[in-house]
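Colleague: Take a look at the following structure, please.
Chains as they are written, first to last, in this note's numbering: chain A, 1 to 210; chain B, 211 to 995.
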């Protein structure tokens with residue numbers, strides 16, 4: 001796994017400034033620390049999409065945006081990945097010593113979990129021998145965050161990768177992703193820009209501000 | 211004797227295999243609550259049970275793995291009752307029925323937001339709904355807090371035998387970081403059988419199984435997966451291979467064998483046909499050890515027990531406990547851990563506070579700041595029991611003594627919770643003046659403990675330090691009692707040291723001398739302040755001279771920088787490498803500034819001058835650069851870190867009570883939300899501008915925010931929420947604050963908020979970034995930033 005620097009910078013609130021030497025050094029240290037601390041794990045299952053439902057589970061997907069994202073495909077991948085609880089523990093410990101390091105560590109871990117999810121998607125694609133498209137997660141567009149718990153339940157993420165979802169739909173460990181992605185030709189592997197299509201234009205982490 | 215142990219005395223027991231795999235074979239689709247099938251198609255469940263019984267299972271597990279309230283909701287109890295009834299029908303008394311309880315899918319505090327009590331209530335409801343089963347199987351557990359809460363719920367709400375099985379990866383830890391050893395030490399007293407299931411195939415589980423067997427005095431269960439799943443979700447260990455491993459496990463001493471994910475009636479039948487019936491389990495005698503949820507400390511060699519979390523004779527700690535200042539407690543814990551403590555003693559025995567409530571609060575708090583095991587220091591059985599229940603690990607109980615009332619009330623707790631215990635050589639007649647009588651009390655404690663089956667190796671005897679200034683002849687008696695006890699018993703010994711020098715000048719010389727003598731007499735647990743250099747030196751020297759520190763490696767590493775003219779052990783690199791220079795520049799650049807601040811104060815500048823003329827202007831300058839967009843956020847935060855280090859130097863010189871505060875601000879991440887990095891950064895920034903911040907942490911219920919505002923008379927509250935789903939809890943907190951504390955101003959922040967939304971939910975101010983809090987605080991408190 002490699003942590004993309006530009007994504008780390010973005011999560012750390014970068015607005016094009018020139019970082020000084022200390023900040024650059026902290027960036028390197030924290031990226032290394034994330035890599036040595038993380039225990040990345042993932043789990044996935046393939047479902048048939050039919051009438052807006054994950055057919056094998058009889059689970060209806062809510063919201064217009066997820067159905068639009070998956071429209072035209074009759075097979076989808078449901079996946080969950082996490083960097084593990086050791087990242088959360090390390091982050092808590094850093095927050096006591098250096099807020100700067102903690103902030104950068106958090107940003108690097110956010111970038112890392114996305115990078116791991118990309119890798120994991122590639123791995124699934126290789127295993128099933130077919131392309132897997134862009135991921136769409138609860139909380140994107142109008143795909144309700146409340147879906148998070150059901151997706152975790154369908155994959156039994158708690159017992160298989162140690163990923164839990166609390167009553168308010170926070171994922172713990174914090175650096176985790178659940179997502180659905182279409183399977184098949186022309187399913188949009190080329191564009192991984194999640195922000196451009198997202199209707200949540202006031203999002204703090206949006207890459208292209210309008 | 212319970213039915214499970216009775217059966218195990220006759221031979222091994224075979225459990226059934228996976229349920230999900232069997233349902234898939236029958237083309238049953240699993241939704242988000244697969245256990246609903248108990249209500250919709252009980253005949254299918256019945257047929258799976260029958261297949262396993264036909265295959266030769268001695269015990270079948272109800273189809274209730276995820277049927278708890280957290281996962282199955284309001285139908286939970288109905289599902290569990292139906293499942294038990296179906297299983298009993300299928301068993302026809304030919305097999306035992308195990309009520310199968312899996313994890314709730316929630317994470318415990320402090321990493322998650324589910325409390326011990328919430329877990330307890332969930333499993334209590336399940337076990338009551340499952341009455342009629344012959345035993346309980348608690349399995350695939352990963353979270354030690356949840357596991358212990360569940361085990362206690364079963365034991366306290368039923369008479370059923372209990373099997374507890376956690377799931378471990380190849381790193382010998384659960385997903386939440388609990389090592390195999392911590393599981394065994396923390397759970398064995400609560401269960402009849404312990405073991406491992408799921409996650410790996412039988413081959414990969416072998417090291418885990420061997421480790422459990424080497425430590426467990428309770429019979430051991432193994433339910434492996436049929437290997438690791440391939441890309442189609444198939445498990446590929448054949449019934450024959452699986453059965454071979456089952457026999458290997460039996461020969462190593464495993465008493466209960468079944469299957470987990472991917473195993474089928476064919477696997478169970480294969481086990482039945484090849485496995486021997488004899489139970490070869492031999493209880494282990496585990497070496498003395500204590501543990502937190504994530505760290506085990508073996509009591510071999512000298513173990514430093516940090517004594518600083520104790521209000522006795524410590525004004526600042528008393529004040530911190532009274533006012534609930536957890537930051538003070540955190541600092542003492544972290545500083546002792548850094549100085550080499552391996553266990554932390556926790557005492558809160560002061561008259562004005564509720565000891566039980568405070569001890570539990572301290573345990574919960576300390577679990578969030580350190581992974582060191584705790585030593586619960588109280589003579590109040592109520593406080594001890596509450597803390598022992600809540601503690602996720604194996605604690606030391608400090609203490610029991612030779613009085614019957616103490617023995618009768620403390621030893622049952624030690625037994626139930628499986629802790630270690632310190633026995634004080636004192637009884638109703640006080641501290642005996644002779645060595646013989648002290649040993650007599652120690653032996654009485656040992657004998658009484660044995661009546662509860664508490665072995666000598668779980669006991670630590672404290673021969674008690676008396677003041678040499680008053681009773682000079684007693685020092686030798688203490689040391690001699692240690693020596694003789696160690697020669698004749700397998701107990702460990704502990705001693706608080708500093709009392710020896712009370713009333714004498716140059717106390718540390720006496721303390722060092724006595725500590726060294728005690729170590730040579732056989733002291734195992736030194737209860738000391740590890741931040742006093744001479745104390746740890748005594749131990750480091752002892753370890754060299756007794757060849758425990760092989761090749762004096764540790765000693766050389768630690769002391770190679772010490773010279774006759776500079777005896778200070780070099781501190782960590784960060785402070786020694788600290789840049790020396792202009793304070794204003796250091797803050798602006800975000801560099802460590804403690805030394806530079808010290809220097810200015812040494813030169814005679816006042817603290818006020820340093821704060822108002824240097825720190826705040828420097829912070830303002832970086833704040834302005836950040837607002838203009840020329841400074842990158844981590845650099846702004848680095849300046850905050852830098853200012854924090856400067857304040858450390860300032861605070862060191864301030865007499866307590868003389869600190870000037872610009873005003874109090876209560877800060878919290880709202881209930882249900884566990885993201886707190888943003889809030890923590892805001893706290894640091896506010897503190898640097900001289901505000902007195904009461905940081906309530908994350909997942910804070912609305913009532914707690916209101917209580918804190920009232921208690922501290924704060925004029926300003928900061929609330930943080932990162933999730934769209936938790937903003938409603940922010941709104942609820944604001945509503946309650948407006949009702950209960952109409953005067954208080956509320957600022958809110960968090961990634962999902964906008965100015966408009968903040969107004970909509972009733973907040974007075976919106977914080978788009980880390981710097982805005984300071985402006986708001988200065989507006990509320992009428993101060994220039």
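Heads up, the beta-carbon is just placed ideally off N, CA and C, and yes, glycines get one too.
Taking 7 Å as the cut-off, decide whether the C-beta atoms of residue 670 of chain B and residue 632 of chain B are in contact.
Modeller: Yes; because the gap between Cβ atoms is below 7 Å, this pair is in contact.
Colleague: May I ask you to report which of helix, strand or coil DSSP gives residue 394 of chain B?
Modeller: Helix.
Colleague: Roughly how many angstroms separate the alpha carbons of residue 884 of chain B and residue 899 of chain B, rounded to a whole number?
Modeller: Approximately 26 Å, taken between the alpha carbons.
Colleague: Quick one: what does DSSP say residue 310 of chain B is sitting in, helix, strand or coil?
Modeller: Here residue 310 of chain B sits in strand by DSSP.
Colleague: Which residues, in chain order, does the stretch 165 to 181 of chain A contribute to contact with chain B at a C-beta distance below 9 Å?
Modeller: Here the close residues are 165, 166, 167, 168, 169, 170, 172, 173 and 174.
Colleague: Are residue 926 of chain B and residue 875 of chain B closer than 7 Å when you measure CB to CB?
Modeller: Closer than 7 Å, so yes.
Colleague: For a contact defined as C-beta to C-beta under 9 Å, what are the partners of residue 839 of chain B on chain A?
Modeller: What residue 839 of chain B touches in chain A: 15, 16 and 17.
Colleague: Could you run through the stretch 102 to 127 of chain A and flag, in chain order, every residue whose CB is less than 7 Å away from some CB of chain B?
Modeller: Cβ contacts with chain B: 102, 103, 104, 106 and 127.
Colleague: Using the C-alpha atoms, what's the distance from residue 356 of chain B back to residue 433 of chain B?
Modeller: If you take the alpha carbons of residue 433 of chain B and residue 356 of chain B, they lie about 20 Å apart.
Colleague: According to DSSP, is residue 376 of chain B part of a helix, a strand, or is it coil?
Modeller: Strand at residue 376 of chain B.
Colleague: Would DSSP call residue 730 of chain B helix, strand or coil?
Modeller: Helix, per DSSP.
Colleague: How many angstroms separate the CA atom of residue 911 of chain B from the CA atom of residue 276 of chain B?
Modeller: For residue 911 of chain B and residue 276 of chain B, the distance between alpha carbons rounds to 28 Å.
Colleague: Using a Cβ-Cβ cut-off of 7 Å (strictly less than) and excluding sequence neighbours within five positions of residue 236 of chain B, which residues of its own chain qualify?
Modeller: Hits under 7 Å: 254.
Colleague: Taking only runs that begin and end inside the stretch 309 to 359 of chain B, name each unbroken alpha helix (DSSP H) of 4 or more residues, in chain order.
Modeller: 326 to 339, all fully within the stretch 309 to 359 of chain B.
Colleague: According to DSSP, is residue 613 of chain B part of a helix, a strand, or is it coil?
Modeller: If DSSP states are grouped into helix, strand and coil, residue 613 of chain B belongs with coil.
Colleague: Tell whether a beta-carbon distance below 7 Å holds between residue 931 of chain B and residue 880 of chain B.
Modeller: Yes.
Colleague: So which residues of chain A does residue 997 of chain B contact, with C-beta pairs closer than 8 Å?
Modeller: For chain B, the structure presents residues 211 to 995; residue 997 of chain B sits outside this window and is missing.
Colleague: Tell me, to the nearest whole angstrom, how far the beta carbon of residue 570 of chain B is from that of residue 556 of chain B; I am working on the premise that it is less than 8 Å.
Modeller: Rounded, the Cβ-Cβ distance is 10 Å, inconsistent with contact.
Colleague: Compare the Cα-Cα distances from residue 548 of chain B to each of B:940, B:741, B:861 and B:915 and report the closest residue.
Modeller: Per the Cα distances, B:741.
Colleague: Residues in the same chain with beta-carbon distance under 6 Å from residue 94 of chain A, minus the five sequence neighbours each way, listed in chain order, please.
Modeller: The residues are 101, 102 and 105.
Colleague: Examine the Cβ distances between the stretch 223 to 243 of chain B and the stretch 455 to 470 of chain B and report whether three or more of them are shorter than 8 Å.
Modeller: Contact holds: three or more Cβ-Cβ distances are below 8 Å.
Colleague: Is residue 408 of chain B near residue 350 of chain B, with beta carbons less than 7 Å apart?
Modeller: Yes, the Cβ-Cβ distance between residue 408 of chain B and residue 350 of chain B is below 7 Å.
Colleague: Counting only beta-carbon separations shorter than 7 Å, does residue 272 of chain B have a partner in chain A?
Modeller: Closer than 7 Å: no.
Colleague: Thinking just about the alpha-carbon of each residue, which of B:753, B:404 and B:578 is nearest to the one in residue 361 of chain B?
Modeller: Nearest option by C-alpha distance: B:404.
Colleague: Output yes if chain A places a C-beta closer than 7 Å to the C-beta of residue 550 of chain B; else output no.
Modeller: For residue 550 of chain B, the answer is no, since every Cβ of chain A falls outside 7 Å of its Cβ.
Colleague: Please confirm whether residue 210 of chain A has its beta-carbon closer than 7 Å to some beta-carbon of chain B.
Modeller: Since pLDDT at residue 210 of chain A reaches only 39, below the 50 mark, its modelled position is unreliable, and no value is offered.
Colleague: Counting contacts by CB-CB distance shorter than 7 Å, is residue 323 of chain B in contact with chain A?
Modeller: Yes, contact with chain A.
Colleague: Counting contacts by CB-CB distance shorter than 7 Å, is residue 8 of chain A in contact with chain B?
Modeller: Judged by the 7 Å Cβ criterion, residue 8 of chain A is not in contact with chain B.
Colleague: If we cut at 7 Å on Cβ distances, does residue 317 of chain B have a partner in chain A?
Modeller: Closer than 7 Å: yes.
Colleague: By the 9 Å beta-carbon criterion, what residues does the stretch 479 to 500 of chain B contribute toward chain A?
Modeller: Listed in sequence order: no entries.
Colleague: Check whether the stretch 74 to 93 of chain A and the stretch 175 to 186 of chain A are in contact - that is, three or more C-beta pairs closer than 8 Å.
Modeller: Output reads yes: the stretch 175 to 186 of chain A touches the stretch 74 to 93 of chain A.
Colleague: Could you check whether residue 330 of chain B and residue 1002 of chain B sit closer than 7 Å to each other, using their CB atoms as the reference points?
Modeller: As displayed, chain B neither begins before 211 nor continues past 995, which places residue 1002 of chain B out of reach and without an answer.
Colleague: Helix, strand or coil for residue 75 of chain A? Go by DSSP, reduced to three states.
Modeller: Note: residue 75 of chain A maps to strand in three-state DSSP.
Colleague: Quick check on this structure: which residue in B:264, B:319 and B:251 has the alpha carbon closest to the alpha carbon of residue 293 of chain B?
Modeller: Looking at the Cα atoms, B:251 is the closest of the given residues.
Colleague: My guess is that residue 166 of chain A and residue 316 of chain B are in contact by the Cβ rule of under 8 Å, so how many angstroms apart are they, rounded?
Modeller: Confirmed, Cβ separation roughly 6 Å.
Colleague: Use the C-beta contact count for residue 949 of chain B: other C-beta atoms within 10 angstroms, 16 or more gives buried, fewer gives exposed.
Modeller: Burial call: exposed.
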